[in-house]
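Colleague: I am attaching a structure below and will ask some questions about it afterwards.
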Amino acid sequence: MQKSIKYRILTAVALLISACAEPEPTGPDLSGIETRDHNYFNEIYNRCNIGNAVNDCNCVARVNVEHREAAYEKYAAEFDTIHKPKMEADIEKMTATLEEKTMNRSDERVLEALEQDLHRLKVKLENGVENIDDFELPFLPSGATDACKITGS
Numbered sequence: 059m060q061k062s063i064k065y066r067i068l069t070a071v072a073l074l075i076s077a078c079a080e081p082e083p084t085g086p087d088l089s090g091i092e093t094r095d096h097n098y099f100n101e102i103y104n105r106c107n108i109g110n111a112v113n114d115c116n117c118v119a120r121v122n123v124e125h126r127e128a129a130y131e132k133y134a135a136e137f138d139t140i141h142k143p144k145m146e147a148d149i150e151k152m153t154a155t156l157e158e159k160t161m162n163r164s165d166e167r168v169l170e171a172l173e174q175d176l177h178r179l180k181v182k183l184e185n186g187v188e189n190i191d192d193f194e195l196p197f198l199p200s201g202a203t204d205a206c207k208i209t210g211s
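As C-alpha cells, this is what we get:
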C-alpha cells in the first residue's frame, strides 16, 4: 500500500514539474535567418510539417536555406562565365526555332508557348544574379537532413 502511495506522489510531482516547465517553442524559428530567406524557410518548414513526426522541421528548413545560399553563391560566381553564355545561346536557338515555326505556320499554341519561354529566358538574363528566387536550385544532397531526425528522449 505504501509503495502505491509513494508511486502516486512521485507521479503527481513529476506531472507538476513537467507542467511548470517552459513549453517547447512551436512553429518556425527564424532566428539567424536572413530576411530574404524568410519566405523560403517558411515554405520548407510548412512542407516538412505535413504529417511529420520524424524530423525537426526547423532543422530541415535551416539545412535547405544553407544549401540554397551555397548553391546561389556558386551560381553567382559562375554567372558571367558559364550561365550567361548558355542563356545567350539558348535565346539564339529559341529565336531561330520560333522564326522557323512561324514560317511553317505551326499551331498558335506552340508559337505562344515558345514566345513565353523566350520572354522568360530574356528576363532571367536581364535580371542576372539579382534575385535568389530566380535560379534553379539543385537538389539537396542525399542524407543532408539526416541530422534533423528527432530522437526519443
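Letter 105 of the sequence shown, counting from 1, is numbered 163 in my numbering, and no numbers are missing.
All C-beta atoms, glycine included, are put in the ideal place defined by N, C-alpha and C.
Predicted model only: the values in this text are computed from it and were never measured.
Helix, strand or coil: which one does DSSP assign to residue 100?
Modeller: Here residue 100 is taken as the residue at index 42 of the sequence shown, counted from 1. DSSP places residue 100 in helix when its eight states are reduced to three.
Colleague: DSSP state of residue 205, grouped into three classes?
Modeller: Within the sequence shown, numbered from 1, the residue matching residue 205 stands at position 147. Looking at residue 205 - three-state DSSP - the assignment turns out to be helix.
Colleague: Mapping DSSP to helix, strand and coil, what is residue 198?
Modeller: Locating residue 198 in the sequence shown gives position 140, counting from the first residue. Reduced to three states, the DSSP call for residue 198 is coil.
Colleague: Evaluate the contact criterion for the stretch 160 to 170 versus the stretch 100 to 118: three or more CB pairs, one atom per stretch, below 8 Å.
Modeller: no
Colleague: Could you have a look at residue 185 and say whether DSSP puts it in helix, strand or coil?
Modeller: As a first step, residue 185 is located in the sequence shown; it is residue number 127 there, counting from the start. If DSSP states are grouped into helix, strand and coil, residue 185 belongs with the helices.
Colleague: Measure how close the beta-carbons of residue 187 and residue 134 come, nearest whole angstrom, since I'm counting them as under 8 Å.
Modeller: By 1-based counting over the sequence shown, the position of residue 187 is 129. By 1-based counting over the sequence shown, the position of residue 134 is 76. Going by Cβ atoms, the distance from residue 187 to residue 134 rounds to 4 Å, so yes, they are a contact pair.
Colleague: Go ahead and pull the three-state DSSP assignment for residue 122.
Modeller: Numbered from its first residue, the sequence shown carries residue 122 at position 64. Helix at residue 122.
Colleague: Compute the Euclidean distance between the alpha carbons of residue 150 and residue 182, then round it to the nearest angstrom.
Modeller: Walking along the sequence shown from the start, residue 150 turns up at place 92. Walking along the sequence shown from the start, residue 182 turns up at place 124. Going from the Cα of residue 150 to the Cα of residue 182 covers about 14 Å.
Colleague: Hey, how far is the Cα of residue 94 from the Cα of residue 157?
Modeller: If you number the sequence shown from 1, residue 94 lands on position 36. If you number the sequence shown from 1, residue 157 lands on position 99. Distance between the alpha carbons of residue 94 and residue 157: 39 Å.
Colleague: I need the DSSP call for residue 113, collapsed to helix, strand or coil.
Modeller: Residue numbering aside, residue 113 sits at position 55 when the sequence shown is read from its first letter. In this structure, residue 113 counts as strand in the three-state DSSP scheme.
Colleague: Which residues bound the alpha helix (DSSP H) around residue 158?
Modeller: Reading the sequence shown from its first residue, position 100 is the one you call residue 158. Taken as a continuous stretch (DSSP letters only), the alpha helix (DSSP H) holding residue 158 covers 142 to 161.
Colleague: Sort 184, 136, 195 by Cα distance to residue 127 and report the nearest one.
Modeller: Along the sequence shown, one-based indexing puts residue 127 at 69. With distances taken between Cα atoms, residue 127 lies closest to 195.
Colleague: Give me the Cβ distance between residue 139 and residue 176, rounded to the nearest whole Å; I'm assuming they're in contact under 8 Å.
Modeller: Reading the sequence shown from its first residue, position 81 is the one you call residue 139. Reading the sequence shown from its first residue, position 118 is the one you call residue 176. 23 Å between Cβ atoms; not a contact.
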